[in-house]
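Residue numbers (numbering that gives the first Met the number 0), protein chains in the order written: chain Z, 0 to 317; chain C, 0 to 258.
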Amino acid sequence: MNREVLRVEGLSKVYPQPNRKSILAVDNIGFLIERGEIVGLLGPNGAGKTTTIKCICGLITPSSGSIFIDGIDMIHTPKFGMSKISAVLEGNRNIYWRLTPRENLAFFAGLQGISYRDAKSYIDELIELFNLTQKATTQARYLSRGMQQKLAVACALAKQTEILLLDEPTLGLDVEASHELRGLIKEMVRDNNRTVLLSSHDMQVVKDICDRVIIINNGKIVTDERVDRLSKLFETSSYRFELDSRLTQKEESEIKSNFDLANIIKMPDHTVIDIQLRSHQRLYELIDILRKNGSKVDSITHREPDFEEIFLKIVKGK
Amino acid sequence: MKSNIALFVTLFKRDWLEMVRYPFNMLSSIITLYFLFLLIFLGYRAVGGQGVNFGNTVDGITVGFMLWTFSIAAYSLLAWSLMNEAKMGTLEQLYMTSLGFDRLCVYRIICDFFLNLLFVVPILVLMMATTGRRLHIDILSLIPLFIFTLASVYGIGFISGGLGLVFKQIQSFFQILQFVFVGFIVAPVDKLPGLKLLPLSLGAKLIGKVMIYRLPITKLPPMDLLGLVLNGLFYLGIGFLIFKICERIAKQKGLLGHY
């Protein structure tokens, strides 16, 4: 079986604006996703994440490029590709509020041509997995937002497709509901061998769920890396120095002129220097500056940057 | 085939459940339309008296009103419900059916036709009870006539739905168009045969002949029947074509999920 399940090549989307400059929402992006992968599409608001996902879903016509789902050309024959994908695009707005969770699940299965009789046992499983048993016969409008969003994800699963596209699935959820939904997504991928492309502007969500992250900014891919490798890449070059005194003016200007990524935090009786080094050799250059000026180093810590920091650095091109 | 039946049953069930879960909406529509009919009927009786043609004219008003009711219900499916689905955030999900959105629309029209009967029949019964006149209900003659008469309305519904996908806030246009249907229904096609080209007009005349003059479909002029079929298919075809063009524009502009 071919491992590649989704291929995006040279995808661009331009929105022409009357009497104004056109908006380039997606700019020549390309990536491959293999079966069973959970890939995060991370980027700030307006980066082009939703446009990319909707192009894959055949809901927005790209200006150029190609999209293949399991070898099916989604630009020219989107109908055939629809049997392979399902999506949650609008969070809790993706479901019918006057229908119960069970009715919603049956409806979404039916959209794929799966009869209720054939879908029933899987619907029962989903209701149980998503902890909706108690509310299975309550109209969706009476559920909490977290439950509605869980139901939206369950409805996408009810279509029994191989690929699941989730656009900001945890948006607007409180910490507990978001955590629960993340757990469910991981569980259903593991147990059902699904492939997931998930967009988010929330770094924690991507870090928690995804194997790989594609960072997108201003419509362009700026990084495509495994989540664990991305953290390591930055981890190795991030240090914190703690000095037992305040820096002199001379030291400070020397550090700033030699290390443009240095962040100096001045405390009343000591100083903290956070520094990003592209090469380990440069660590000694900083120590030399401090030694030359007689500053006493209390500690040097190898800092583990958080995912948010990494994301901001990549997006800002640092 | 199995998957098509599953899709049809799914859509029918959803439309049915939504209808019974908005009981006030359905009841208030029936009551409002009935009162509107009552006003027309009482107004006509006050002004026109009970002359020689009273019976037939009242029957004509009843049939015309029923057809108008059926027409606005049919028109609403494509014009209003597409907008509502976009508003609810479910339209894009419907577009993602593996059986194709076009097929889904056809199935919804069929479901809607039958569900609308539940809405139109009580109004017809109320109208007949009020006027004291009994119309001829020849199901075998009426069903094909209604199908091809309403085909033109579905065509206009497709055009409106398509325009709604692209231009969004055009509810006033939708509302005005509903009243234009009255003009189509009462168009004097006997005096001005060219008016048969309008949507609804020829169908209204033929339905009237079955329900008021008790003619079976086999006794209706064959050219009129052929004209009705072509008229229905023409408006449906043009409507669907315009809808597809609007859909393409909406997809290019990324407007499907907007409202």
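For every residue, glycine included, the Cβ atom is placed at its ideal position computed from N, Cα and C.
Assign residue i to one of two classes, buried (16 or more other C-beta atoms within 10 Å of its C-beta) or exposed (fewer than that).
i                         : result
proline 61 of chain Z     : buried
threonine 76 of chain Z   : exposed
proline 100 of chain Z    : buried
valine 259 of chain C     : The question about residue 259 of chain C has no answer here: the residues shown for chain C are numbered 0 through 258.
isoleucine 37 of chain Z  : buried
alanine 73 of chain C     : buried
isoleucine 138 of chain C : exposed
glycine 256 of chain C    : buried
valine 81 of chain Z      : Looking at the sequence itself, residue 81 of chain Z is methionine, so the reference to valine does not match. By the neighbour-count rule (16 or more Cβ atoms within 10 Å), methionine 81 of chain Z is buried.
aspartate 69 of chain Z   : buried
glutamine 92 of chain C   : buried
leucine 117 of chain C    : exposed
glycine 182 of chain Z    : exposed
valine 19 of chain C      : exposed
Whose C-alpha, out of the options, is nearest the C-alpha of residue i?
i                            : options                                   : result
isoleucine 264 of chain Z    : Z/Ile272, Z/Phe79 and Z/Arg281            : Z/Ile272
leucine 163 of chain Z       : Z/Thr169, Z/Val152, Z/Leu170 and Z/Phe79  : Z/Val152
phenylalanine 258 of chain Z : Z/Asp117, Z/Ile286, Z/Leu23 and Z/Thr247  : Z/Ile286
leucine 197 of chain Z       : Z/Leu23, Z/Val25 and Z/Gly42              : Z/Gly42
leucine 224 of chain C       : C/Ser159, C/Leu240, C/Arg247 and C/Phe145 : C/Phe145
glycine 47 of chain Z        : Z/Arg211, Z/Glu167 and Z/Lys291           : Z/Glu167
glutamine 174 of chain C     : C/Ala78, C/Ile29, C/Arg13 and C/Tyr33     : C/Ala78
isoleucine 155 of chain C    : C/Phe36, C/Val19 and C/Ser75              : C/Ser75
valine 209 of chain C        : C/Phe180, C/Ile241, C/Gly226 and C/Gly63  : C/Gly63
glycine 112 of chain Z       : C/Thr9, C/Gly42, C/Leu219 and C/Lys252    : C/Thr9
serine 151 of chain C        : C/Phe233, C/Val124 and C/Phe36            : C/Phe233
glutamine 248 of chain Z     : Z/His301, Z/Gln147, Z/Phe67 and Z/Ile288  : Z/Ile288
alanine 85 of chain C        : C/Tyr21, C/Gln168 and C/Asp111            : C/Gln168
tyrosine 238 of chain Z      : Z/Lys12, Z/Gly35 and Z/Arg281             : Z/Arg281
cysteine 110 of chain C      : C/Lys12, C/Pro220, C/Leu219 and C/Cys245  : C/Lys12
alanine 157 of chain Z       : Z/Val205, Z/Lys219, Z/Val87 and Z/Arg189  : Z/Val87
leucine 199 of chain C       : C/Ile216, C/Gly160, C/Val179 and C/Ile29  : C/Val179
arginine 6 of chain Z        : Z/Leu23, Z/Ile55 and Z/Thr50              : Z/Ile55
phenylalanine 172 of chain C : C/Glu246, C/Phe183, C/Ser159 and C/Phe112 : C/Ser159
asparagine 1 of chain Z      : Z/Gly35, Z/Asn27, Z/Ser21 and Z/Ser294    : Z/Gly35
isoleucine 4 of chain C      : Z/Ile59, Z/Leu165, Z/Leu131 and Z/Asp117  : Z/Asp117
isoleucine 216 of chain C    : C/Gly42, C/Asn83, C/Ile142 and C/Val124   : C/Ile142
leucine 219 of chain C       : C/Leu205, C/Asn230 and C/Val228           : C/Leu205
leucine 227 of chain C       : C/Gly182, C/Leu196, C/Phe239 and C/Lys190 : C/Leu196
Leaving out five residues before and five after residue i in sequence, what residues of the same chain have Cβ atoms less than 8 Å from its Cβ?
i                        : result
histidine 269 of chain Z : Glu241, Leu242, Asp243, Ser244, Arg245 and Asp297
leucine 142 of chain Z   : Pro100, Lys134 and Leu150
valine 185 of chain C    : Gly63 and Ala203
How is residue i classed by DSSP in three states: helix, strand or coil?
i                        : result
glutamate 3 of chain Z   : strand
asparagine 55 of chain C : helix
serine 21 of chain Z     : strand
arginine 225 of chain Z  : strand
asparagine 24 of chain C : helix
glutamate 36 of chain Z  : coil
alanine 186 of chain C   : coil
arginine 211 of chain Z  : strand
aspartate 166 of chain Z : strand
isoleucine 59 of chain Z : coil
proline 15 of chain Z    : strand
alanine 157 of chain Z   : helix
threonine 89 of chain C  : coil
serine 294 of chain Z    : coil
glycine 29 of chain Z    : strand
glutamate 89 of chain Z  : coil
tyrosine 238 of chain Z  : strand
glycine 161 of chain C   : helix
leucine 254 of chain C   : coil
For residue i, which residues in the same chain have their Cβ closer than 7 Å to its Cβ, ignoring the five residues on either side in sequence?
i                        : result
arginine 140 of chain Z  : Trp96 and Arg97
glutamate 251 of chain Z : Ile263
asparagine 55 of chain C : Ile211
isoleucine 74 of chain Z : Pro61, Ser65 and Ile66
alanine 249 of chain C   : Leu164, Val165 and Leu255
Once the 5 residues before and after residue i are set aside, which same chain residues still bring their CB inside 6 Å of it?
i                       : result
alanine 176 of chain Z  : Gly145
arginine 107 of chain C : Leu10
valine 212 of chain Z   : Gly39, Leu41, Val205 and Val226
For the ligand ATP, any of its heavy atoms closer than 7 Å to the Cβ of residue i?
i                        : result
isoleucine 30 of chain C : For the structure depicted, the ligand ATP is absent and the ligand set is empty, with no information on it obtainable.
Any residues in the stretch 180 to 196 of chain Z with a beta carbon nearer than 7 Å to a beta carbon of chain C? Which ones, in chain order?
Closer than 7 Å at the C-beta level to chain C, one finds no residue of the stretch 180 to 196 of chain Z.
Using a Cβ-Cβ cut-off of less than 8 Å, list which residues of the stretch 233 to 258 of chain C approach chain A; keep chain order.
Absent from the structure is chain A; the protein chains it does hold are Z and C.
Select from the stretch 54 to 68 of chain Z all residues with a C-beta closer than 7 Å to any C-beta belonging to chain C, and list them in chain order.
Cys56, Leu58, Ile59 and Thr60
Going along the chain, which residues of the stretch 85 to 101 of chain C sit with their C-beta nearer than 8 Å to a C-beta in chain Z?
So the list reads Met87, Gly88, Thr89, Glu91, Gln92, Leu93, Tyr94, Met95, Thr96, Ser97, Leu98 and Gly99, given in the order they occur along the chain.
Of all the residues that make up the stretch 4 to 20 of chain C, which are near chain Z by a beta-carbon distance shorter than 8 Å?
Ile4, Ala5, Leu6, Val8, Thr9, Leu10, Lys12, Arg13, Leu16, Glu17 and Arg20
Using a Cβ-Cβ cut-off of less than 8 Å, list which residues of the stretch 145 to 173 of chain C approach chain Z; keep chain order.
none
Output needed in chain order: residues of the stretch 26 to 51 of chain C with a Cβ under 7 Å from some Cβ in chain Z.
none
With 7 Å as the limit, tell me which residues of the stretch 279 to 292 of chain Z have their beta carbon closer than that to any beta carbon of chain C; keep them in chain order.
none
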